[in-house]
Amino acid sequence: MKASFLSLGILLIGLLAFSCQTQPAPLTDAQKAAVSDSAKAVMQEVFTGINKLSAAAMFQPYSSQPDVRFAEDGILYPSLDTVKAVAENFFQLLEFTTDKVDVFDVVVLGPEAAAVMAPFHFTAKTKA
8 MKASFLSLGI
18 LLIGLLAFSC
28 QTQPAPLTDA
38 QKAAVSDSAK
48 AVMQEVFTGI
58 NKLSAAAMFQ
68 PYSSQPDVRF
78 AEDGILYPSL
88 DTVKAVAENF
98 FQLLEFTTDK
108 VDVFDVVVLG
118 PEAAAVMAPF
128 HFTAKTKA
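As numbered in this note's numbering, residues 8 to 135 make up the sequence shown, in order.
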């Protein structure tokens, strides 16, 4: 019985300690707008690179940190070089592409994170 009360006491102290953590201040509208604008600018640069058929230009705004992983169309790539190589191989098949984004819908997740949905229409011509 003493062990049960001791365990319960330790659990309650642990829960209390975690519940007393300070919460980060919510972002102001101006901060959210700045994050959203930055995310849109990055995505516009990506689409500009796609239209140039240049993986170097497409991925220029991406992080080159070695611990970053990249997801594209449900595929997780282990490095920036890997996802660049896949794009370059695809671009070699195309004579041109024109991508037009309907809208950049940005969801601000935090001070340095956002999710961007960008439905687009494209025209492409293959070399073959």
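All C-beta atoms in this analysis are idealised placements derived from N, C-alpha and C, irrespective of residue type, glycine included.
- Using a Cβ distance threshold of 8 Å, A46 and T55 do not count as a contacting pair.
- The C-alpha of P31 is placed about 26 Å away from the C-alpha of M124.
- DSSP, reduced to helix, strand and coil, places F98 within a helical segment of the structure shown.
- Distance between P118 and K39, taken at the CA atoms: about 8 Å.
- Boundaries around F129 are those of the beta strand (DSSP E), F127 to T133, since no alpha helix (DSSP H) includes it.
- The alpha-carbon separation between E102 and A94 amounts to approximately 14 Å.
- By a beta-carbon distance limit of 8 Å, N58 contacts D106. Their separation comes to about 6 Å.
- If you draw a straight line from the Cα of S86 to the Cα of V75, it comes to about 7 Å.
- For L60, the closest of T104, D112 and T133 by C-alpha to C-alpha distance is T104.
- Between the alpha carbons of G81 and D88 lies a distance of about 18 Å.
- Assigned with DSSP and collapsed to three states, D80 falls in coil, not helix or strand.
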